Amino acid sequence: MSTKTLRWLAAPAVAGLLAAAGLILFNPLTDAGAEPGAGPGAESGAGPGAAGSASVLPRTVRNVIFINGDGMGAAHREAARLFYAGPRGTLTMDGFPVSGRLTTSPDDPAKIVTDSAAGASAWATGVATYNGAISVDPDGNALPALGAQAKKAGRATGLVTTAQVTDATPAAFFANAKDRAAQDDIARQYLEKSKPDVILGGGEDWWLPAGKAGAHRDKPAEDPAEGSRGTKGDLLAKAQQNGYQYVSTRAQLNAVKPGKLLGLFANQEMFQQNPEGQGDVYQPVVSLADMTRTALTGLSADPDGFFLLVEEEAVDEFAHDDNGKRVLQAMGELEKAVAVAKAFAANHPDTLVIVTGDHETGGLAIEDHAGDGDGPFPVKGTELQFWIDWTTKAHTGQSVPITAYGPLAEKFNGQHPNTYVHEVLQPLLTN
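Taking our numbering, the leading residue of the sequence shown gets 5, the next gets one more, and so forth.
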């Protein structure tokens, strides 16, 4: 990749991908006045048997899009289905032709329930490890990480997240650390070692030395005392010296030129985690779908193919606060990003798209009566309502759904440990 130029197409040339596939998302929480019935699952070709299903696709994989709904379990997907698609509808992510389940237990002497670091490390390395580990084994030894391996094999690579770009999930694919808290060192590793071509998300604070103000001093508003906290120097300056364009606004992202891209759109996460009505904010400067579309535009220029990680972090964070309204909103934004990925794959049949979660958060349960949970929420297309109840503010040990679309998608049928993801993807991305 180092000798190739990533060709960034003009935004209008690719903005039609989603519309061309008929993938439109209606969000009753935010889209008052939008046309009812335009939700996921209503589109043609979104479900099993659509053009490009595994039975007719080529048996080779050039591109992999791996999508993580952080904290997303089966009930999160079901609540989103009722809300956005209705009782007879189907989310794009659930309409993929292959579905299975992943178990999520870490290899941790003190914990049976995984965190995001151990969960993502299992995907990225094929090795179960302890909570807090970033692609190191239980003894702390660094392991080859899937994103870095794909880059070494000549593929373009990228990561898109609404969390800090150096948070646990993206870090596990592109870095090694004994402790997930070492986010400034993870940023350094991106620039010096794994060198992803596209980095889009939040977390500007970790790229600047303490005391140096960036573009996002405290956005979204959190602790007024919060600020830059890096210890590895001015990594934004270093990134630009290394050939990255740095952007921090939607307008700048829309005007990117060919080349490597670093976009940081918040000081930490691209939202503010809190219980409902207590300062909770989900208004990203740039949507997950738009970041995904931009990444795909650039990465797809590489004739050797690409690996792209996409993550919606807000599902997990708002579930930690038992905030059903924001969880549904985050699920809707994730669904939009999945629709972008599916539209791309429909036009590039050598692309494998995978959607799963690293663990379940909140012990979410759907009820049809008022209890002490959140609601009521409308069931799309009906007069019915549902409520969301919670059993915990923490992660649970539930297995999580995994759905896949594209060549070799059938490998994800059935139940597997989360390390199985690496078993399937590593040969595809390093051949």
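Each residue gets a CB set at the ideal place from its N, CA and C atoms; glycine is no exception. Quick caveat, the model's predicted, so the values are computed rather than measured.
Collapsed DSSP secondary structure at residue i in the structure displayed
{"i": "Gly123", "result": "helix"}
{"i": "Ala55", "result": "Caution is warranted here: a pLDDT of 33 is assigned to Ala55, below 50, making its placement in the model unreliable, and the coordinate value is therefore given only provisionally. Looking at Ala55 - three-state DSSP - the assignment turns out to be coil, as it is neither helix nor strand."}
{"i": "Pro405", "result": "strand"}
{"i": "Val202", "result": "strand"}
{"i": "Gly49", "result": "Caution is warranted here: a pLDDT of 34 is assigned to Gly49, below 50, making its placement in the model unreliable, and no coordinate value can be reported."}
{"i": "Gln287", "result": "coil"}
{"i": "Thr434", "result": "helix"}
{"i": "Leu95", "result": "coil"}
{"i": "Ala369", "result": "strand"}
{"i": "Ala181", "result": "strand"}
{"i": "Ala152", "result": "helix"}
{"i": "Lys415", "result": "helix"}
{"i": "Ala217", "result": "coil"}
{"i": "Ala323", "result": "helix"}
{"i": "Ala132", "result": "coil"}
{"i": "Pro16", "result": "Here the model assigns Pro16 a pLDDT of 35, short of 50, so the residue's position is not dependable and the matter cannot be decided."}
{"i": "Asn31", "result": "At Asn31, the pLDDT of 42 sits below 50, so the modelled position is not reliable; the number obtained from the coordinates is stated separately. Here Asn31 sits in coil by DSSP."}
{"i": "Leu22", "result": "Because Leu22 carries a pLDDT of 37, less than 50, the predicted location of this residue cannot be relied on, and no value is offered for it."}
Residues bridged to residue i [DSSP beta-bridge criterion]
{"i": "Asn1", "result": "With the chain covering 5 to 435 only, the question about residue 1 has no answer from this structure."}
{"i": "Ala420", "result": "With the sequence shown as reference, residue 420 is identified as His, and Ala is not the correct amino acid for it. Bridge partners of His420: Leu106."}
{"i": "Leu212", "result": "Leu212 pairs with nothing; no bridge assigned."}
{"i": "Glu316", "result": "Gly73"}
{"i": "Thr400", "result": "Glu364"}
{"i": "Ala146", "result": "Val140"}
{"i": "Tyr250", "result": "Leu266"}
{"i": "Asp378", "result": "Ile392"}
{"i": "Gly162", "result": "Val202 and Leu312"}
{"i": "Leu356", "result": "Val68"}
{"i": "Gly234", "result": "Pro213"}
Range covered by the beta strand (DSSP E) that runs through residue i
{"i": "Lys264", "result": "Lys264 to Leu268"}
{"i": "Ile190", "result": "Premise fails: Ile190 lies in the alpha helix (DSSP H), Gln187 to Gln193, not in any beta strand (DSSP E)."}
{"i": "Gln276", "result": "Segment: none, Gln276 is in no beta strand (DSSP E) and carries neither H nor E."}
{"i": "Thr64", "result": "Unbroken run through Thr64: none, as it is neither H nor E."}
{"i": "Gln282", "result": "Unbroken run through Gln282: none, as it is neither H nor E."}
Boundaries (first-last residue) of the alpha helix (DSSP H) holding residue i
{"i": "Ala79", "result": "Ala78 to Tyr88"}
{"i": "Leu240", "result": "Leu239 to Gln245"}
{"i": "Phe178", "result": "Ala172 to Phe178"}
{"i": "Ala293", "result": "Leu292 to Leu303"}
{"i": "Phe348", "result": "Gly328 to Asn351"}
Cβ distance (whole Å) where residue i is taken to contact residue j below 8 Å
{"i": "Arg85", "j": "Ser403", "result": "Not confirmed; about 18 Å, so no contact."}
{"i": "Arg192", "j": "Lys236", "result": "5 Å"}
{"i": "Gly205", "j": "Thr166", "result": "6 Å"}
{"i": "Gly234", "j": "Asp188", "result": "4 Å"}
{"i": "Gly123", "j": "Val319", "result": "The pair is not a contact, with the Cβ atoms about 14 Å apart (cut-off 8 Å)."}
{"i": "Pro279", "j": "Asp325", "result": "5 Å"}
{"i": "Leu356", "j": "Val68", "result": "5 Å"}
{"i": "His80", "j": "Leu368", "result": "6 Å"}
{"i": "Gln277", "j": "Phe322", "result": "6 Å"}
{"i": "Ala406", "j": "Ile370", "result": "According to the sequence provided, residue 406 is Ile. The question's Ala does not apply to it. Going by Cβ atoms, the distance from Ile406 to Ile370 rounds to 20 Å, so no, they are not a contact pair."}
{"i": "Asn327", "j": "Asp284", "result": "6 Å"}
{"i": "Gly401", "j": "Ile392", "result": "No, Gly401 and Ile392 are not in contact; Cβ-Cβ is about 20 Å, not under 8 Å."}
{"i": "Leu250", "j": "Leu266", "result": "For clarity, residue 250 is Tyr in the given sequence; the question names Leu instead. Tyr250 to Leu266, Cβ: 5 Å. Contact."}
{"i": "Asn246", "j": "Leu195", "result": "6 Å"}
{"i": "Lys346", "j": "Tyr409", "result": "6 Å"}
{"i": "Ser120", "j": "Thr64", "result": "In fact, because the Cβ distance is near 31 Å, the residues do not count as touching under 8 Å."}
Point to revise | Cβ contact check for the region 168-184 and the region 139-152: 3 or more pairs under 8 Å | key: yes
Practice item. Specify whether the region 199-218 and the region 150-170 touch according to this definition: at least 3 beta carbon pairs, one from each stretch, less than 8 Å apart. Key: yes
Point to revise | Validate contact between the region 107-116 and the region 408-415 using beta carbons, cut 8 Å, 3 pairs | key: Pairwise C-beta distances place the region 107-116 out of contact with the region 408-415, as fewer than three of them are shorter than 8 Å.
Check your understanding: Would you call the region 257-274 and the region 208-215 in contact, with 3 or more CB pairs under 8 Å?
Key -> The region 257-274 is in contact with the region 208-215.
**Study point:** Cβ contact (3+ pairs, closer than 8 Å) linking the region 333-341 and the region 136-144
**Key:** no
Check your understanding: Counting Cβ pairs, one atom from each stretch, are 3 or more of them under 8 Å apart for the region 90-97 and the region 383-400?
Key -> yes
Point to revise | Touch test, the region 289-300 against the region 338-353, Cβ-Cβ under 8 Å, three pairs minimum | key: yes
**Study point:** At least 3 beta-carbon pairs within less than 8 Å: the region 417-432 vs the region 116-134
**Key:** yes
Review point. Can you find at least 3 beta carbon pairs, one from the region 356-363 and one from the region 371-383, that sit closer than 8 Å?
Key: no
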